[in-house]
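There are 2 protein chains.
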Amino acid sequence: MRRDVFQAIADPTRRAIIALIALQAMTPNAIAEHFDTSRQAVSKHLQILVECQLAKQEQQGREIFYQLDVAKMKEIDKWLEQFRKIWEDRFNQLDTIFSNIKQNKP
Amino acid sequence: MRRDVFQAIADPTRRAIIALIALQAMTPNAIAEHFDTSRQAVSKHLQILVECQLAKQEQQGREIFYQLDVAKMKEIDKWLEQFRKIWEDRFNQLDTIFSNIKQNKP
DNA sequence: TAATTACGCAACCGAACGATTGCGCGTATA
DNA sequence: TATACGCGCAATCGTTCGGTTGCGTAATTA
Numbered sequence: 001m002r003r004d005v006f007q008a009i010a011d012p013t014r015r016a017i018i019a020l021i022a023l024q025a026m027t028p029n030a031i032a033e034h035f036d037t038s039r040q041a042v043s044k045h046l047q048i049l050v051e052c053q054l055a056k057q058e059q060q061g062r063e064i065f066y067q068l069d070v071a072k073m074k075e076i077d078k079w080l081e082q083f084r085k086i087w088e089d090r091f092n093q094l095d096t097i098f099s100n101i102k103q104n105k106p
Numbered sequence: 001m002r003r004d005v006f007q008a009i010a011d012p013t014r015r016a017i018i019a020l021i022a023l024q025a026m027t028p029n030a031i032a033e034h035f036d037t038s039r040q041a042v043s044k045h046l047q048i049l050v051e052c053q054l055a056k057q058e059q060q061g062r063e064i065f066y067q068l069d070v071a072k073m074k075e076i077d078k079w080l081e082q083f084r085k086i087w088e089d090r091f092n093q094l095d096t097i098f099s100n101i102k103q104n105k106p
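Protein chains in written order, with UniProt numbering: chain V, 1 to 106; chain R, 1 to 106.
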């Protein structure tokens with residue numbers, strides 16, 4: 001079973017859940033009301049998010065509040081870092097090319 | 001068939017391919033040499049990457065060179081933006097929200 | 001105390017995924 | 001011109017995914 005951050009954000013419903021619990025802690029029932037799926041389906045998504053540490057759970061009586069663990073989101077950001085460097089370099093290269101064209105340098 | 005950027009980067013092999021073709025354009029055979037899978041498997045991955053515009057292909061004789069389309073990577077970055085705001089601005093407030101829930105403060 | 005509520009867990013099902021194998025087609029090379 | 005090469009496409013197969021349904025359990029409420 002693959003359970004990493006990238007697999008977790010692959011599902012659109014899961015991304016929507018992430019957006020919800022990013023703002024405030026919510027219970028599975030409260031979350032499920034925002035979708036056309038059952039509570040159990042949402043619970044499964046939450047379980048996956050907890051499993052790869054994208055969400056924290058906090059029990060309160062018979063309710064369980066889920067909230068996004070922002071720290072883990074940085075892992076995606078960290079992975080993007082290598083490409084961010086490239087797409088900035090590419091832009092710089094384009095600039096230099098353009099500059100060279102302007103200055104008639106090959 | 002789900003075919004968006006997030007689904008594309010979900011697979012670890014595909015992420016490795018992305019890292020390869022980010023540096024330079026490569027042929028399917030050349031890419032496949034870096035992995036334990038067949039050329040056809042790599043070709044399938046490349047097809048998915050092209051499909052969601054994460055890669056461009058450039059035919060040259062009987063060879064086809066694939067290279068990363070950095071622009072599309074920004075889509076992920078754009079999605080991360082909303083959470084980046086949270087983890088930078090509200091990092092400390094998140095704990096307060098949790099505490100308030102415990103104490104039944106809205 | 002009995003009924004209700006909130007939830008996780010397990011079984012199950014159809015669809016999608018990732019990989020392999022076996023082609024056919026165009027391009028290079030002898 | 002015959003052969004080898006690079007590639008995409010289609011069929012196939014086992015596995016995983018996302019969903020539903022049906023429970024069991026613990027906490028609340030009547």
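Each residue gets a CB set at the ideal place from its N, CA and C atoms; glycine is no exception. Computed from a prediction, not measured in an experiment: that's the story for all the values here.
Can you tell me the Cβ-Cβ gap for residue i and residue j, rounded? I've got them flagged as a contact below 8 Å.
{"i": "R:Phe72", "j": "R:Gln53", "result": "Residue identity differs from the one stated: residue 72 of chain R is Lys in this sequence, not Phe. That belief holds up - the Cβ atoms of R:Lys72 and R:Gln53 are roughly 5 Å apart, short of 8 Å."}
{"i": "R:Ala25", "j": "R:Phe65", "result": "4 Å"}
{"i": "R:Lys74", "j": "V:Trp87", "result": "7 Å"}
{"i": "R:Ile9", "j": "R:Leu46", "result": "Rounded, the Cβ-Cβ distance is 14 Å, inconsistent with contact."}
{"i": "R:Arg3", "j": "R:Glu51", "result": "5 Å"}
Quick one: is residue i near chain R, going by C-beta distance under 8 Å?
{"i": "V:Leu80", "result": "yes"}
{"i": "V:Met26", "result": "no"}
{"i": "V:Val70", "result": "yes"}
{"i": "V:Ile86", "result": "yes"}
{"i": "V:Ala16", "result": "no"}
{"i": "V:Ile10", "result": "Note on identity: in this sequence residue 10 of chain V is Ala, with Ile being the wrong assignment. Yes, contact with chain R."}
{"i": "V:Ala41", "result": "no"}
{"i": "V:Ala22", "result": "yes"}
Could you confirm whether any beta carbon from chain V is found closer than 8 Å to the beta carbon of residue i?
{"i": "R:Gln7", "result": "yes"}
{"i": "R:Phe35", "result": "no"}
{"i": "R:Phe65", "result": "no"}
{"i": "R:Ala30", "result": "no"}
{"i": "R:Lys74", "result": "yes"}
Give the DSSP-derived three-state secondary structure of residue i in the structure shown.
{"i": "V:Glu88", "result": "helix"}
{"i": "R:Gln67", "result": "strand"}
{"i": "V:Gln57", "result": "strand"}
Do you know offhand how far residue i's Cα is from residue j's?
{"i": "V:Val70", "j": "R:Phe83", "result": "7 Å"}
{"i": "R:Gln67", "j": "R:Ser38", "result": "19 Å"}
{"i": "V:Arg15", "j": "V:Gln60", "result": "25 Å"}
{"i": "R:Glu63", "j": "R:Asp36", "result": "21 Å"}
{"i": "V:Asp11", "j": "R:Phe6", "result": "8 Å"}
{"i": "R:Ala30", "j": "R:Ala22", "result": "14 Å"}
{"i": "V:Glu33", "j": "R:Thr13", "result": "36 Å"}
{"i": "R:Thr27", "j": "R:Lys44", "result": "13 Å"}
{"i": "R:Lys85", "j": "R:Ile76", "result": "15 Å"}
So, are the CB atoms of residue i and residue j less than 8 Å apart?
{"i": "V:Leu49", "j": "V:Ala41", "result": "no"}
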